[in-house]
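Here the sequence shown is numbered in the UniProt record's numbering, starting from 1 and rising by one per residue. Note that CB positions come from ideal geometry on N, CA and C, so glycine has one too.
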Amino acid sequence: MKSVKFWYRNDRGGANYSTIRLRGYSIRVSNDTTLPPPESSCYTDPGNVSLPTIIEKNCERTVRYVWIYQGNALDGDCPILEICEVQVFGCETGRYGEDCSNTCDHCRNNASCEITSGVCDKHGCADPKLAPPSCSQCLAGFGENCRRQCSPFCKENRCDINMGTCLLGCNDGYLGSFCNTTCRYGNYGDRCQKSCNHCLQNTTCHHVNGFCSSGCKEGYKGEKCDTACSVGEYGKNCANHCGHCFNNEPCNRFDGRCNECETGYHGFKCDKECSNKTYGLNCLDTCGACLDSSPCHHVDGSCPSGCNPGWQTTPKCDAPCPPGTFGPNCINKCSGNCLHHAPCDKESGKCKSCSEGWKNDFCNEKSGEPITELEKLTLQHLKLDNERLVMESEMLKEESQKISSETAFLKIKEKYLRLKMQSEFQKVMNSTPETQLSEEKAGQSFGSDSQNTTESP
């Protein structure tokens, strides 16, 4: 059956009034004389619109009985049906098409088929090599008796029964009517609509899955090289970590360049510690008088090993001994007998020349007169005082080294916290896809501007 057409009573003063009792009707079908349930309906009127007196509804079913059912009552009356004529249009079982001129012999066991298209019912096709429900194409292959093989890249191995063209399209990575053409350079996947532009040295990706076998160009990572470097990464496959950019700003993800360096670092990647006895921002400050000319700390300029003789024990060893003192931590006193009261050497305590009446390098021995016992005792006391002061200086030096070790530990801890903060920042960036896109554009722009710059010394 294809459709049902019926004529309702029309002699009661107009179509709307005549069919008011029909509202809410349903067309039901069955294969026996038992009243079918509502689920069998092929049409149910909503009941809230006016109806014409001539009604035709599609009802494509394989059935024996058609029911026009009315269960609604109007104004307390019983349900009423006032149908003048009913026509059922369709084909006998086993036939379909216009004028029912085609048979369903392509269906298994001569079963029924859809009245318009001839699609077979649940029993399938008479020829097991054909694909239900239409039974018009091969399950696999094409040609006479489906003997020829479809392209291996047809989806579900389905191709036209006569020509062999792929019916459902191509597997990922292939194009064409016969799915025998791989994706062009730079494309891959379903219908070759996905792009891969970031493989290393502009090599092509795999036409099926988009993988870059040679790796990724600068600024990208992942099997498909479609993921921008995370914050703190740069270069090929994002394998490099940024240097010490100022205020923990991310470096350029393509070449690692920083806009400015943290204190104690230099180079366009800010990955080099200050050297040649320099420290501080852009390595512009000069180290103090560190012991034995050892390098100072590249960030704060402190001398971890202590200060040379002639300099006060300050963190940077940048304060010379006050006048009248000399030696380690300036603990020794000059003799005060240098010529014209000139200061003694701040490291050794020696005088260039002595005042009249004094001799030797330190000008602490009288000339021309024997030294009295009191003067001898005084000199001995001065010697003992100097030895004591030297011991105290050594103790201060050890204390300074201890402080330097604690400072180094704190700097390591600071670096750990900085890396942790970068990691947390990356998690926020990954949760916002727009950020990666804008970052990539910014990185490309920066990369083009930076080609004409040179590394500052």
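Is the region 25-42 touching the region 87-103 in the sense that three or more CB pairs, one from each, lie closer than 8 Å? no
Pull the bridge partners of Asn360 from the DSSP assignment, please. BP columns for Asn360 are empty, so no partner.
Could you tell me the alpha carbon to alpha carbon distance between Arg253 and Thr325, rounded to whole angstroms? 56 Å
Alpha carbon to alpha carbon, what distance is there between Phe153 and Tyr188? 14 Å
Per-residue burial, Thr378 [other beta carbons within 10 Å of its own, 16 or more giving buried]: exposed
If contacts are defined as beta-carbon pairs under 8 Å, then Asn332 and Asn386 qualify, I think. What distance do you get, rounded to the angstrom? 5 Å
Which listed residue (Cys258, Cys238 and Cys159) has its alpha carbon closest to that of residue 458: Only positions 1 to 457 of the chain appear in the structure, and residue 458 is not among them; the question remains open.
C-beta contact flag for His244 and Cys283 at 7 Å: no
Apart from the five residues just before and just after His106, which ones in its own chain have a Cβ nearer than 6 Å to its Cβ? Ala126 and Cys135
Any 3 or more C-beta pairs closer than 8 Å across the region 344-353 and the region 298-306: no
Other residues of its chain near Cys303: CB distance less than 6 Å, five sequence neighbours each side excluded: Cys290, Cys296 and Cys317
What is the rounded straight-line gap between the Cα of Thr19 and the Cα of Asp190? 55 Å
Nonlocal neighbours in the same chain, by C-beta distance under 7 Å from Lys221, ignoring five residues either side: Thr227, Cys229, Asn237 and Cys238
Taking just the CA atoms, how far does Ser423 sit from Asp255? 20 Å
So, for Leu51: in the same chain, excluding its five sequence neighbours on each side, which residues have a beta-carbon less than 6 Å away from its beta-carbon? Thr19 and Leu22
Leaving out five residues before and five after Ser195 in sequence, what residues of the same chain have Cβ atoms less than 7 Å from its Cβ? Gly186 and Asn187
Smallest Cα separation from Pro250: which of Gly219, Lys224 and Cys330? Gly219
Proximity to Ala342 [Cα-Cα], best of Asn360, Pro323, Lys272 and Lys359: Pro323
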